[in-house]
Amino acid sequence: MKTDFDLNAYWMPYTGNRQFKQSPRIITGAEGVWFTDSDGRKVLDGHSGLWTSGLGHGRQEITQAVSEQVANLDFCPPFQFAHPKAFELATKIASLMPGDLNHVFFTNSGSESADTSLKMARAYWQLKGKKHKTRFIGRHKGYHGVNFGGVAVGGIPANKQLFGETLEADHLSHTMLPENAFSRGMPEQGAYLADELAAFVTQYGADTIAAVIIEPMGGSAGVLPPPVGYLRRLRELCDEHQILLIFDEVITGFGRCGAMTGADAFGVVPDILNVAKQLTNGVIPMGAVIASTEIHDTFMDKAGPDYVLEFAHGYTYWAHPVACAAVLAELNELLDKQLPQRVAEEAPYFESLLHDQLADKPFVTDVRNYGFAGAITLEAKGDEPLRRPFDVAMAMWERGVLVRYGGDTIQMAPHFVMERPQLEQLVGTLAECLEQVS
Ligand SMILES: Cc1ncc(COP(=O)(O)O)c(C=O)c1O
């Protein structure tokens, strides 16, 4: 590929910059389930952008809402002032949440949602007079973004290695048990792993633990659906010991699991629910932390005189009017076209493709799926666990299909609107590329 710009000035995030710049993968357009690259090729987007764009790219309804909003009100300071769409959107989101998750605190990203939720949990206990409830419990293989709090509670070692001290946090075991390999949907084994929370309570005392934060279905570590009964057990233990349960639904929020949230899909309601990616369909950054009425009201009741800030926390661009307009249009489409239901209906077909076509391919040690999320794990090449996923993802790109490689996994996240021939192309191309792996 020829470029008329210098590739060096842009230091790319989460990218092997040296490799990329030898062999750039430049995307210049997007429509529906397709990208166009700088060679003019059509590339099937097998990852909904980055778990972001379930409705498909270039949705006119969102484009129009965004351009009208920019023309009308391009910015509104979110501290001490507000615009109507922020209220409209918060009301809409609250109406779509389970249980009493009724109060929406906007952010710009999943990482900001993670750190916001951790601060909210600590502040809640402070306001309740439980000053020692500051400890966080995450889970191995968990991903909660890249800010210091999220990195601390996350359980992906590579994300911590170079950065020194973060917050203190402990971690539950992950649920990727060998006996669960090649499970279709939720694995049967592993609910007992939630009992590790009880062991932390014994070790530290419940009066020191503020919150447990997990993804109801792990995403970035390679699609880890929860074992049957696991989330329910965790909820029971949190209730028993007065520990807040935070679901990081940055991937599972708004349709990916064939329901509005992972909480709905798996039947367990947290105290705080974090979202981001699918909110704007990837068009504009936005995230949110949705808190229970109990948490919200505690801040409102205990924070002192009413001109005093209840939660001294916020970024300049939070609740941005253009992002709010994008989300309102996105949710309209999601609901109108009943896309979470479509995902639920088509998920069994996707599941069959994944397991029937990939399970017996060379070096595949696991296939996992739920809703419109699927992943395989590949055996390490010598002492390089990341090598084969990288080789496979590059071979797929050569054949015009984009997937994500992460750790020792290949991850797929079809658009909620993806039709069966494209699902077949996605999984079929992966099957072909796996035959060529050495
Ligand atoms: C569960 C989860 N939390 C947080 C994040 C971080 O989101 P962002 O990249 O928008 O900061 C991600 C991103 O993949 C995620 O999957």
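Residue 856 is where the sequence shown ends in the working numbering, and the numbering goes up by one at each step.
Note that beta-carbon positions come from the ideal geometry of N, C-alpha and C, so glycine has one too.
Treat the numbers as computed from the prediction; the structure is a model and nothing was measured.
**Prompt:** Does the segment 739-759 come close enough to the segment 563-578 that 3 or more CB-CB pairs lie under 8 Å?
**Reply:** no
**Prompt:** Is the closest heavy atom of ligand 1 to the C-beta of Ala532 under 7 Å?
**Reply:** yes
**Request:** Could you pull out every residue in the same chain whose Cβ sits closer than 7 Å to the Cβ of Pro807, ignoring the five residues on either side in sequence?
**Result:** Leu796, Tyr823, Asp826, Thr827, Ile828
**Ser638 CB to nearest heavy atom of ligand 1 below 7 Å** = yes
**Asked** Where DSSP assigns a beta bridge to Leu796, which residues make up the other side?
**Response** Val782
**Asked** Is Val451 closer than 8 Å to Gly472 when the C-beta atoms are compared?
**Response** no
**Prompt:** Quick one: Cα of Met538 to Cα of Gly671, how far?
**Reply:** Straight-line spacing of the CA atoms in Met538 and Gly671 works out to 20 Å.
**Run of the beta strand (DSSP E) containing Asp455, from where it starts to where it stops** = 452-455
**Prompt:** Which two residues bound the contiguous beta strand (DSSP E) that contains Lys460?
**Reply:** 460-463
**Prompt:** ligand 1 heavy atoms versus the CB of His562: any closer than 7 Å?
**Reply:** yes
**Message:** I'd like to know whether the C-beta atoms of Leu852 and Val810 end up nearer to each other than 8 Å.
**Reply:** yes
**Prompt:** What is the rounded straight-line gap between the Cα of Arg653 and the Cα of Ile555?
**Reply:** Near 14 Å, if we compare the C-alpha coordinates of Ile555 and Arg653.
**Asked** How close, in whole Å, do the beta carbons of Val745 and Thr698 come, if the pair is a contact with beta carbons under 8 Å?
**Response** 5 Å
**Expected contact under 8 Å - CB spacing of Val619 and Ile631 to nearest Å** = Contact between Val619 and Ile631 fails: their C-beta atoms lie close to 16 Å from each other, not under 8 Å.
**Asked** Applying the criterion that 16 or more other CB atoms from any shown protein chain within 10 Å of the CB defines a buried residue, is Tyr432 buried or exposed?
**Response** exposed
**Asked** Between Phe524 and the rest of its own chain, which residues show a CB-CB distance below 6 Å, the 5 nearest in sequence each way excluded?
**Response** Answer for Phe524: Ala706, Trp736, Ala737, listed in chain order.
**Request:** Quick one: measure Cβ to Cβ for Ala791 and Met635, integer angstroms, because I've assumed they're closer than 8 Å.
**Result:** Between Ala791 and Met635, the beta carbon gap of about 7 Å places them in contact (Cβ cut-off 8 Å).
**Message:** In whole angstroms, give me the CA-to-CA distance for Gly861 and Glu667.
**Reply:** The chain is shown from 419 up to 856; residue 861 falls before or after that span and cannot be answered.
**Prompt:** To the nearest whole angstrom, what separates the beta carbons of Gly818 and Lys460, a pair I think is in contact under 8 Å?
**Reply:** Their Cβ separation, rounded to whole angstroms, is 7 Å, which keeps Gly818 and Lys460 in contact under 8 Å.
**Asked** Taking C-alpha atoms, which residue in Ala683, Gly467, Glu764, Asp625 lies nearest to Lys549?
**Response** Asp625
**Prompt:** Run through DSSP, which three-state label would His501 get?
**Reply:** His501: coil per DSSP, three-state reduction.
**Prompt:** Hey, is Glu748 close to ligand 1, as in C-beta under 7 Å from one of its heavy atoms?
**Reply:** The closest heavy atom of ligand 1 lies 7 Å or more from the beta carbon of Glu748.
**Asked** Cβ of Val522 within 8 Å of Cβ of Ala508?
**Response** yes
**Message:** For Phe499, tell me which candidate among Gly673, Thr734, Glu479 has the shortest Cα-Cα distance.
**Reply:** Thr734
**Prompt:** In chain order, what residues of the same chain lie with their CB nearer than 7 Å to the CB of Val701, ignoring the 5 residues before and after it?
**Reply:** Ile480, Val484, Ala744
**Request:** Quick one: measure Cβ to Cβ for Gly640 and Ala793, integer angstroms, because I've assumed they're closer than 8 Å.
**Result:** 4 Å
**Message:** In the DSSP assignment, the beta strand (DSSP E) including His659 goes from what residue to what residue?
**Reply:** No beta strand (DSSP E) contains His659, which is instead part of the alpha helix (DSSP H) from 648-659.
**Item:** Any non-hydrogen atom of ligand 1 within 7 Å of Gly647 CB
**Value:** no
**Message:** Can you tell me which residues form a DSSP beta bridge with Ser710?
**Reply:** Beta-bridge pairing links Ser710 to Leu519.
**Message:** Classify Phe453: buried if its beta carbon has 16 or more other beta carbons within 10 angstroms, exposed otherwise.
**Reply:** buried
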